[in-house]
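Numbering (my numbering), first residue to last: 1097 to 1205.
Reviewing the structure listed below.
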């Protein structure tokens, strides 16, 4: 698959869930670029694919990352207003990738 003018990407994953609906729907594909230094490389307000651990549980999600009101935390924000924002410690982030593009396809069967 070649997409004109697509910036360099490191990988792609399928979207699961509805937290970014209607911008991203379950089954869409997002293309991402890995971020090496999460704490110092966040572009506030951008959409990220991230892996983090809270209370011994591992999570992988796609969210907007915003500044938190609490020192050492970031705020994860969904596009879907039915999902509340969540503040997590920066040091709980295990992997971070900037979402560069999304692909949606429609089939007739």
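For each residue, glycine too, the CB sits at the ideal point set by N, CA and C.
| query | result |
| --- | --- |
| DSSP state of residue 1147, grouped into three classes? | strand |
| Judging by CA-CA distance, which residue of 1148, 1107 and 1115 is the nearest neighbour of residue 1125? | 1107 |
| Considering only their Cβ atoms, is the gap separating residue 1139 from residue 1175 smaller than 7 Å? | no |
| What residues match up with residue 1171 in a beta bridge as DSSP calls it? | 1162 and 1183 |
| Can you tell which of 1150, 1188 and 1160 has the C-alpha that lies nearest to the C-alpha of residue 1168? | 1188 |
| Which residues bound the alpha helix (DSSP H) around residue 1137? | 1134 to 1137 |
| For residue 1115, I'd like the list of residues in its chain whose CB is within less than 8 Å of its CB, leaving aside the five on either flank, ordered along the chain. | 1157, 1158, 1159, 1174, 1175, 1176 and 1179 |
| When you compare the CB positions of residue 1164 and residue 1183, do they come within less than 7 Å of one another, or not? | yes |
| I'd like the span of the beta strand (DSSP E) that includes residue 1196, first residue to last. | 1189 to 1199 |
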